[in-house]
Each structure stands twice: as C-alpha cells, then as structure tokens.
Amino acid sequence: MNDRPQSLTAFLRRFPDDAACASYLHEKRWPDGFVCPACGACKGWELSSKRWTWECGECGRQTSVTAGTVMHRSKVSLRTWFLAAHIMATHSNGMSALQMQAHLGLGSYKTAWLLLHKLRRAMVNPERDLLVGDVEVDETTLPYRTKRDPVGGGQGRSTIGKMVVVGAVELLEGNAPGRIRLETVPDYSGSTLKGFIRDVVEPRSEIWTDGNESYAGMTGYSHHPRVIGNMAAHILMPWIHRVFSNLKRWAMGTYHGLRKKHIASYLDEFVFRWNRRRWRQVAFDKLLGLSVRIPPMGYRELVEG
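Under the working numbering, residues 40 to 344 are what the sequence shown spells out, in order.
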C-alpha cells in the first residue's frame, strides 16, 4: 500500500471551499441520509436560508453539519479546520499552536491552540479494540514545563519535574511493532501498572516486561518478566523503547517540552499518528470521521484540563 499522504495540492483540489467540506461532513455524519439528533426521524431537507443546515420533517429541529461535533459553534472556516486536520493527521511530527497559527494565517494563538486541542480530542476512538497477542510493557518519564519555566527534570527515577508514562506496544508476526497505547500514571505501584494493562490489553495475552516487581502476581495474562541486568534495556525490549525514544524526541522537538496539564491529549496525538503511520492516506478521513462523533468542549473546559 502506498504510504504517501495526500499532497497539499491534491487536498486543496479535493476541498476547494467550505461547501465541499460541509458536503464531506454530511457524508461522514449521515452516511445513509439525514437523521434528526432530537427525534431520530430520517425525513428532512436542507435549508437554503442557512448554510449546511437541515430541518427535521417530524419535529422541525434545525441541525447544521457541525452541531454537536468538535467544530460546534466555531467561527473558524470549515476549510481551515480541514487544513489543520490534514496537517495533524499526515505530518510526521504535527505542529505546535504557534506553528499552526502562522501556517494557516490565524488571527490569534488562542484560536490555533483551541483548534488543535479540539482535534486531539477526536484522536481517540471510543470503540477502539484492546491490544492482543504479544505485548511489550514498560515505563518511562517525560520532563514537563509550566507556562514560565524551561523544561524541568529530576535525576534517575525521581518524578520531580517529570511525568511517569507507561506504554504498551503490540508485537506482530516477525516481531514487527503494531499498535501502541500510552498513559500517564501517578506512580510505579503494582496496582497502577497492572491496572493499565487491564485497561489496554486483551486478557490471556502474552505480556513482556522488565524485572520490575510491580508486575509480579499479574493474573489473567501470561507474564514473561525479563531481568535486564547489565544488558541494555532496548536489546531485550526493543519496540517499547523505540516508542519512548520517538515520543521524547517529538515532545522536545515539536513542543520543546510538554505541559503537564494537557499531557494526555499530547499522548493521544502521538498514539494516533504512530498507529496510522503505514496508513497515512486514511488518517485524515479517520480523524474527521471521529470529529463528528465526539461531543464538543468549550475553551474553559479545555484550558482547565
């Protein structure tokens, strides 16, 4: 399969204006025809007096193609939303809000920040399957920074200025890496780490970890601890360490360190692109498809995390 994402020229040809974007959203939201979100009726018509709005033939409710989605009540044009989604889904490293503001010619940093965080909310499929089969699991730390501070970071396993991140990577045939999951956790305790595994890995799977005693006594899985000793960790567990290495490089390169309050949404962005790195042509369609299914969230809710 051709891994090359759609070129910007082809993308602009596909979505030349807001009307083309609205038509696409309509197909994503109502693939079998309009369905009223209020009464569930399938009878309705598009209004000529309101752009991209349908009126229910049963209850009379009027619904735009963006109502109840991440684009709900946005003043940003649909084409700008689509351009931002295209960049986030296909650009190997994504973009910071400052870069996106300049790239799209947005009027303010706040607008770019809000747009990106809303799209990040659509990067997690609420119906996604659990990892299955052979799965490597390990923990790492990420430095974080506040609004004023430079990147922080304590020493060793200290969590001062760091966030603990636990990760899992599914191993495919030939020991190739498949899907991943990443999550911030408060500590390295057994209940925390084993709880993460239960949340993201199918029972009866094969779990490969290092010699961390927190994983001892795991039930419902076949556990294979590997005592690292003097051997480099990435030799025995290469793929989860490759994931962590790429994550840290991305966090420091694109964002110059992540904000602790919003770490979960940044991890979701990284996971979304990693899991679709071989299918970047469909990543944009997946992102916009999820965008019409995710409830809207206001600026205050996003800022407060």
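For glycine and all other residues, C-beta sits at the position ideal for the given N, C-alpha and C.
Model, not experiment: these values are computed from the prediction.
Taking only the alpha-carbon atoms, compute the straight-line gap between residue i and residue j and give it to the nearest angstrom.
i: I236; j: T179; result: 15 angstroms
i: H111; j: T105; result: 5 angstroms
i: L275; j: E343; result: 40 angstroms
i: I279; j: A124; result: 27 angstroms
i: E94; j: C75; result: 8 angstroms
i: I246; j: M257; result: 9 angstroms
i: L329; j: H262; result: 34 angstroms
i: W313; j: K114; result: 31 angstroms
i: A255; j: W152; result: 42 angstroms
i: M162; j: L155; result: 11 angstroms
i: L51; j: Q320; result: 15 angstroms
i: G206; j: L232; result: 10 angstroms
i: L86; j: L137; result: 37 angstroms
i: G172; j: V282; result: 18 angstroms
i: W318; j: D177; result: 26 angstroms
i: D324; j: W289; result: 23 angstroms
i: W84; j: G337; result: 29 angstroms
i: G213; j: G144; result: 45 angstroms
Three-state secondary structure (DSSP) at residue i?
i: E166; result: coil
i: H130; result: coil
i: K201; result: strand
i: D71; result: coil
i: W247; result: strand
i: I219; result: strand
i: P264; result: strand
i: Q138; result: helix
i: Q45; result: coil
i: G292; result: helix
i: P242; result: coil
i: C60; result: helix
i: R281; result: helix
i: W318; result: coil
i: G229; result: helix
i: W120; result: helix
i: E66; result: helix
On the criterion of 16 or more Cβ atoms from any shown chain inside 10 Å, does residue i qualify as buried, or is it exposed?
i: G359; result: Not covered by the structure: residue 359. The range shown for the chain is 40 to 344.
i: S46; result: exposed
i: R167; result: exposed
i: A215; result: exposed
i: C60; result: buried
i: W91; result: buried
i: T48; result: exposed
i: E340; result: exposed
What does a CB cutoff of less than 8 angstroms around residue i pick up in its chain, not counting 5 residues either side in sequence?
i: K89; result: Q101 and S103
i: V266; result: D249 and G250
i: A322; result: P44, A128, T129, F311, R312 and R315
Please go through the same chain and pick out, in chain order, the residues whose beta-carbon is closer than 6 angstroms to the beta-carbon of residue i, but skip the five residues on each side of it.
i: W120; result: M110
i: M217; result: Checking the sequence shown, residue 217 turns out to be Gly, not Met. Cβ neighbours of G217 beyond the five flanking positions: E209 and L211.
i: K157; result: V109
Can you tell me the Cβ-Cβ gap for residue i and residue j, rounded? I've got them flagged as a contact below 8 angstroms.
i: G259; j: P242; result: 5 angstroms
i: V208; j: E252; result: V208 to E252, Cβ: 22 angstroms. No contact.
i: L170; j: V239; result: 6 angstroms
i: L326; j: F309; result: The pair is not a contact, with the Cβ atoms about 14 angstroms apart (cut-off 8 angstroms).
i: G296; j: N132; result: Incorrect: roughly 15 angstroms between the Cβ atoms, too far for contact.
i: R159; j: S304; result: 4 angstroms
Grab me the residues of residue i's own chain with a C-beta within less than 7 angstroms of its C-beta, minus the 5 sequence neighbours each way, in chain order.
i: S116; result: D57
i: G107; result: P76, P334 and P335
i: C78; result: C95, E97 and C98
i: N164; result: L329
i: S228; result: S253
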